[in-house]
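Participant:
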Amino acid sequence: MYADLISRAETDPEGYWSEQSNKLAWFRKPTQTRTMASDGLADWFADGELNTAYLCLDYHVEQGRGDVEALIYDSPVTGVVKRYTYRDLLGKVAQFAGALTELGVVKGDRVIIYLPMIPEAVIAMLACARIGAIHSVVFGGFAARELATRIDDATPKVILTASCGIEFQQVIPYLPLVNEACDLATHKVEHRVILQRQQLQAELDDTDLDWVALASLAGPVACVPLKATDPLYILYTSGTTGKPKGVVRDNGGHAVALLHSMEVIYDVGPADVFWAASDVGWVVGHSYIVYAPLLAGCTSVLFEGKPVRTPDAGTFWRVIADYKVNVFFTAPTAFRAIRKEDPQGSLLAAYDVSSLRALFVAGERTDPATYQWLCQLLNIPVIDHWWQTETGWPVAAIPLGVEALPVHEGGAGIRMPGFEIAILSDQHEVCEPGEEGDVVLKLPLPPGCLPTVYGNHQRLVDAYLVQHPGYYHTGDGGYLDQEDYLFIMGRTDDVINVAGHRLSTGEMEEIVAAHASVAECAVVGIADPNKGQVPLGLLVLKDDNETSAEDLQTALVSSVRRDIGAFANFRRAIVVARLPKTRSGKILRQIIRKIADDADFEHPATIDDPDILEEIRMRFMEEQVGLVGGELSG
Ligand code: COA
Ligand code: AMP
Numbered sequence: 006m007y008a009d010l011i012s013r014a015e016t017d018p019e020g021y022w023s024e025q026s027n028k029l030a031w032f033r034k035p036t037q038t039r040t041m042a043s044d045g046l047a048d049w050f051a052d053g054e055l056n057t058a059y060l061c062l063d064y065h066v067e068q069g070r071g072d073v074e075a076l077i078y079d080s081p082v083t084g085v086v087k088r089y090t091y092r093d094l095l096g097k098v099a100q101f102a103g104a105l106t107e108l109g110v111v112k113g114d115r116v117i118i119y120l121p122m123i124p125e126a127v128i129a130m131l132a133c134a135r136i137g138a139i140h141s142v143v144f145g146g147f148a149a150r151e152l153a154t155r156i157d158d159a160t161p162k163v164i165l166t167a168s169c170g171i172e173f174q175q176v177i178p179y180l181p182l183v184n185e186a187c188d189l190a191t192h193k194v195e196h197r198v199i200l201q202r203q204q205l206q207a208e209l210d211d212t213d214l215d216w217v218a219l220a221s222l223a224g225p226v227a228c229v230p231l232k233a234t235d236p237l238y239i240l241y242t243s244g245t246t247g248k249p250k251g252v253v254r255d256n257g258g259h260a261v262a263l264l265h266s267m268e269v270i271y272d273v274g275p276a277d278v279f280w281a282a283s284d285v286g287w288v289v290g291h292s293y294i295v296y297a298p299l300l301a302g303c304t305s306v307l308f309e310g311k312p313v314r315t316p317d318a319g320t321f322w323r324v325i326a327d328y329k330v331n332v333f334f335t336a337p338t339a340f341r342a343i344r345k346e347d348p349q350g351s352l353l354a355a356y357d358v359s360s361l362r363a364l365f366v367a368g369e370r371t372d373p374a375t376y377q378w379l380c381q382l383l384n385i386p387v388i389d390h391w392w393q394t395e396t397g398w399p400v401a402a403i404p405l406g407v408e409a410l411p412v413h414e415g416g417a418g419i420r421m422p423g424f425e426i427a428i429l430s431d432q433h434e435v436c437e438p439g440e441e442g443d444v445v446l447k448l449p450l451p452p453g454c455l456p457t458v459y460g461n462h463q464r465l466v467d468a469y470l471v472q473h474p475g476y477y478h479t480g481d482g483g484y485l486d487q488e489d490y491l492f493i494m495g496r497t498d499d500v501i502n503v504a505g506h507r508l509s510t511g512e513m514e515e516i517v518a519a520h521a522s523v524a525e526c527a528v529v530g531i532a533d534p535n536k537g538q539v540p541l542g543l544l545v546l547k548d549d550n551e552t553s554a555e556d557l558q559t560a561l562v563s564s565v566r567r568d569i570g571a572f573a574n575f576r577r578a579i580v581v582a583r584l585p586k587t588r589s590g591k592i593l594r595q596i597i598r599k600i601a602d603d604a605d606f607e608h609p610a611t612i613d614d615p616d617i618l619e620e621i622r623m624r625f626m627e628e629q630v631g632l633v634g635g636e637l638s639g
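Sequential numbering of the sequence shown, starting at 6, is according to the numbering used here.
1) Determine the DSSP secondary structure at E636, reduced to helix, strand or coil.
2) What three-state label does DSSP hand V445 in the structure shown?
3) Between T510 and the ligand AMP, is there a pair consisting of the residue's CB and a ligand heavy atom that are separated by less than 7 angstroms?
4) For S563, which beta-bridge partners are listed by DSSP?
5) Could you check whether C187 and P178 sit closer than 8 angstroms to each other, using their CB atoms as the reference points?
6) Could you give the DSSP three-state label for D533: helix, strand or coil?
7) Would R200 be called buried (16 or more neighbouring beta carbons within 10 Å of its own) or exposed?
8) My guess is that A149 and E185 are in contact by the Cβ rule of under 8 angstroms, so how many angstroms apart are they, rounded?
9) For the ligand AMP, any of its heavy atoms closer than 7 angstroms to the Cβ of T242?
10) Judging by CA-CA distance, which residue of T166, D616, G453 is the nearest neighbour of Y238?
11) State yes or no: is the C-beta of S292 within less than 8 angstroms of the C-beta of L264?
12) So, helix, strand or coil for P124, using DSSP?
13) For the stretch 149–166 against the stretch 265–273, do three or more pairs of beta-carbon atoms, one drawn from each stretch, fall closer than 8 angstroms, so that the two count as touching?
14) By Cβ distance, which residues of its chain are closer than 7 angstroms to Y328, with the 5 residues on each side in sequence left out?
15) DSSP three-state label for H265, please.
16) Output the distance between the C-alpha atoms of E15 and S23, rounded to the nearest integer angstrom.
17) Pick out whichever of A582, F575, S563 has its Cα sitting closest to the Cα of L529.
18) For a test of the three-state rule: what should DSSP assign to L405, helix, strand or coil?
19) Below 8 angstroms, how does it come out for the stretch 315–330 and the stretch 358–369: are there three or more Cβ pairs, yes or no?
20) Any idea what DSSP makes of Y296, helix, strand or coil?
21) Tell me the residue span of the alpha helix (DSSP H) that contains E5.
22) Can we count G368 as close to the ligand COA, meaning its CB is less than 7 angstroms from some heavy atom?
23) For D108, collect the residues of the same chain with a Cβ closer than 7 angstroms to its Cβ; drop the 5 residues on either side in sequence, then sort them by chain order.
24) Taking all protein chains shown into account, decide if L222 is buried (16 or more other Cβ within 10 angstroms of its Cβ) or exposed.
25) To the nearest angstrom, how far is it from the Cα of S553 to the Cα of V545?
26) I'd like to confirm something about T559: is its beta-carbon nearer than 7 angstroms to some heavy atom of the ligand FMN, or not?
27) Short of 6 angstroms in beta carbon distance, which residues of its chain neighbour Q558, apart from the five on each side in sequence? Order them along the chain.
28) Indicate, with yes or no, if the ligand COA has a heavy atom lying under 7 angstroms from the CB of E151.
29) If you count every other CB in all the chains shown that lies within 10 Å of the CB of A521, and 16 or more means buried, which is it?
30) If I'm right that F147 touches W287 with Cβ under 8 angstroms, what's the distance once you round it to whole angstroms?
31) Could you compute how far the alpha carbon of K28 sits from the alpha carbon of V261?
32) For the alpha helix (DSSP H) that contains H462, what are its first and last residues?
33) Going by the CB atoms, is the gap between T304 and P102 shorter than 8 angstroms?
34) Ordered along the chain, which non-local residues of its own chain (more than five positions away) have a Cβ less than 8 angstroms from that of H259?
35) Relative to the ligand AMP, is the shortest distance from any of its heavy atoms to the C-beta of H473 smaller than 7 angstroms?
36) What number of angstroms, rounded off, separates the C-alpha of I592 from the C-alpha of D467?
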């Protein structure tokens, strides 16, 4: 029962997690379960030795499960389907690990993976894990500047990339972006390995290495034993400042937590097919396309396409039917896109999706209309659950594998074993049920959560631990109901969530502020019926500006696209009289967010609607802003 699990994890955390750790085939079993650090965080299984790639592949083959399908690659954008058994995938990973070894990559070296949703991305991640190299996957939609920032922070020895990605029908050449990033970065990468895809043959530099040629010459290498606390990967995520944080994941705690989540939350085991329709560039992809399904020994689906127009809004149903998917996980925005094209869900009728037992959604708030639509259409549990890059696995969910607790509509589930969620006021007081405050997690965090920020542990302390002593600050606001279910209301910092993509408004502001006509600016998230939120630029212009508002918007839209990527969906910037400020001249971001949130949109409209833009502009007229700013700035 759920209550027993929670109580056990709380009263005897070491016993609980030690028991969970016994489910893994360690090279050296840990004798220490939890070691506390002075900052309130903990190291897990510090003296244990293991290899995550071994647990994901070799272990299953050794158990006689080599012929089970590990990965099904389905790519409607290229018309390709490929299936890999555990034995196949092990062969490819061991060989590619050999190729990396020949390039001089050893334990602890960083490798950047900038690839679309193709099997080579999974192979590359596991090959790094096999030899103890630390991978850092960069989402393929990020532009050159973002890639350069990550190159300089992670200082990789090697970059693994491809000739192109495919967005709907459009071929996106990767190498020009990689070339620009390498030019922008101060750190010089030793090797670049490029996979030539059929859709585009990239022109390689003399020093570039061809993926297939390199791999074909290499022999397989064995798994390197790693300490549980050795890093498995770095995944950069947006924070309040312009510079993304390199969230580090360890090997031991991660493997234990992810396997546990497959059992307890998703109720998925070796005979099952699990599909997370996300991208390997995000934490959902790391945890639930690659590591957790393979640790659990089930079949994972890797999908290269979109929920719509590849070829139509029935594509998700087709994949579920083709591979008899048992549990499916995606972001609500994907279903909003499907519902927009097929409001009646008529396309579902063509497919047999009876294999599907449960649907999990996360990454952003699920709007009630989409939730209801899904429940009625599928007639299976639709479970909204909540977590973040930093935690690595769900903090709140419904523990389907233990007890199918009722869903509280609009909520993101109930806390999972190991997590203690609290809602605190600005004065660190515990809020009453139903009262909104900061969503925080009591320290120490359970296995699988971030042990540090790469190269800068103080950044972890400053970003997450100082706001509420004794707690990890999630950056989300919300409340707990009477029965302890969590309701997330949105971010309380300068992070916005655009189509399930986490973005820093601070980063966008840096780009916008660099324009010669802009005196000062703020970027704020505005509710959007399709993407959840979209960014809007608010500009105060220099007195001598001669650029028209329209030209300025065009220039800024193209700058954000060029510097961050098209997925930021920065499409609108409006000129306002001034921004609310404190007496000392600091921009009051909280008030700006509130003005944007309060915009009373009478009908579902987007910021493409001129009336909506005008309404927001009005709210930033001098008198109104002065009034609100004056009230709160004291
Ligand atoms: N490479 C290059 N460009 C990309 C890209 C990528 N990997 N991903 C998105 N883009 C581009 C799109 O082509 C589009 O470009 P355009 O402005 O030229 O048309 C732009 O970025 C907007 O992207 P997006 O807002 O993502 O819309 P979309 O129609 O491409 O995709 C979804 C819609 C719902 C499929 C997508 O947003 C999605 O998968 N979101 C969920 C993210 C996620 O998994 N989060 C984790 C929680 S589960
Ligand atoms: P990421 O680190 O990219 O996974 O983004 C994590 C953030 O996405 C969280 O801090 C939330 O703001 C948001 N988020 C994730 N899941 C949910 C959910 N189920 N409901 C509301 N917001 C969510």
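Even glycine gets a Cβ: it sits at the ideal position worked out from N, Cα and C.
Everything numeric in this text was worked out from a predicted model, so none of it was measured.
Facilitator: Put simply:
1) Your numbering for residue 636 matches position 631 in the sequence shown. Its pLDDT being 37, under 50, E636 is placed unreliably by the model, and the measurement read from it follows with that caveat. E636 falls in the helix class under three-state DSSP.
2) In the sequence shown, the residue the question calls residue 445 occupies position 440. V445 falls in the strand class under three-state DSSP.
3) Counting from one through the sequence shown, the residue named residue 510 turns up at place 505. No - the ligand AMP has no heavy atom lying nearer than 7 angstroms to the Cβ of T510.
4) The sequence position of residue 563 within the sequence shown is 558, counting from 1. Paired residues: none, contrary to the question.
5) On the sequence shown, position 173 is the one that residue 178 refers to. On the sequence shown, position 182 is the one that residue 187 refers to. Not closer than 8 angstroms, so no.
6) Your numbering for residue 533 matches position 528 in the sequence shown. Looking at D533 - three-state DSSP - the assignment turns out to be strand.
7) The count along the sequence shown starts at 1 and reaches residue 200 at position 195. The sequence shown places Leu at residue 200, not Arg. Per the 10 Å Cβ criterion, buried.
8) Residue 149 sits at position 144 when you count from the first residue of the sequence shown. Residue 185 sits at position 180 when you count from the first residue of the sequence shown. The Cβ separation is near 4 angstroms, so the contact holds.
9) Looking up residue 242 in the sequence shown gives position 237. True, at least one ligand heavy atom lies under 7 angstroms from that Cβ.
10) The residue labelled residue 238 in the question sits at position 233 within the sequence shown. Of the candidates T166, D616, G453, the one whose C-alpha sits nearest the C-alpha of Y238 is G453.
11) As a working mapping, residue 292 is identified with position 287 in the sequence shown. As a working mapping, residue 264 is identified with position 259 in the sequence shown. Their beta carbons are not under 8 angstroms apart, which means S292 does not touch L264 by this criterion.
12) Sequence index remark: in the sequence shown, residue 124 carries index 119 (1-based). In this structure, P124 counts as helix in the three-state DSSP scheme.
13) no
14) Locating residue 328 in the sequence shown gives position 323, counting from the first residue. These residues qualify, in order along the chain: I77, V278, V306.
15) Counting from 1 along the sequence shown, the entry for residue 265 is found at position 260. It is helical.
16) As a position in the sequence shown, residue 15 is number 10, starting the count at 1. As a position in the sequence shown, residue 23 is number 18, starting the count at 1. Taking the straight line joining both Cα atoms gives about 13 angstroms.
17) Taking the sequence shown and counting its residues from 1, the one referred to as residue 529 is at position 524. Contrary to the premise, residue 529 reads as Val rather than Leu in this sequence. The residue with the shortest Cα to Cα distance from V529 is F575.
18) Walking along the sequence shown from the start, residue 405 turns up at place 400. Coil, per DSSP.
19) yes
20) What you label residue 296 is simply residue 291 of the sequence shown in a count that begins at 1. Three-state result, Y296: helix.
21) The structure shown does not extend to residue 5, since the chain is modelled only from 6 to 639, so the question has no answer here.
22) Translated into positions along the sequence shown, residue 368 becomes position 363. True, at least one ligand heavy atom lies under 7 angstroms from that Cβ.
23) For this step, residue 108 is matched to residue 103 along the sequence shown. One point to set straight first is that residue 108 is Leu, not Asp, in the sequence displayed. V163, H196, listed in sequence order.
24) On the sequence shown, position 217 is the one that residue 222 refers to. So L222 counts as exposed.
25) As a working note, residue 553 is residue 548 in the sequence shown. As a working note, residue 545 is residue 540 in the sequence shown. Computed Cα separation, rounded: 13 angstroms.
26) The ligand FMN is not among the ligands present in this structure, which contains only the ligand COA and the ligand AMP.
27) Position 553 of the sequence shown, counting from 1, holds the residue named residue 558. Excluding sequence neighbours, Q558 sits near A578.
28) What you label residue 151 is simply residue 146 of the sequence shown in a count that begins at 1. It does not: the Cβ of E151 is nowhere closer than 7 angstroms to a heavy atom of the ligand COA.
29) Counted from its first residue, the sequence shown places residue 521 at position 516. Burial call: exposed.
30) For the purposes of this step, residue 147 is taken as the residue at position 142 of the sequence shown. For the purposes of this step, residue 287 is taken as the residue at position 282 of the sequence shown. At roughly 11 angstroms, the Cβ-Cβ gap does not stay under 8 angstroms, so F147 and W287 are not in contact.
31) Taking the sequence shown and counting its residues from 1, the one referred to as residue 28 is at position 23. Taking the sequence shown and counting its residues from 1, the one referred to as residue 261 is at position 256. Whole-angstrom Cα-Cα distance: 8 angstroms.
32) Here residue 462 refers to the residue found at position 457 of the sequence shown. Counting along the chain, the alpha helix (DSSP H) containing H462 begins and ends at 462–465.
33) The residue labelled residue 102 in the question sits at position 97 within the sequence shown. The residue labelled residue 304 in the question sits at position 299 within the sequence shown. A quick correction: the sequence has Ala, not Pro, at residue 102. No.
34) For this step, residue 259 is matched to residue 254 along the sequence shown. T57, L237, Y296, G397, P452, G453.
35) Residue 473 sits at position 468 when you count from the first residue of the sequence shown. H473 Cβ: outside cutoff for every heavy atom of the ligand AMP.
36) Here residue 592 refers to the residue found at position 587 of the sequence shown. Here residue 467 refers to the residue found at position 462 of the sequence shown. The alpha-carbon atoms of I592 and D467 are separated by roughly 21 angstroms.
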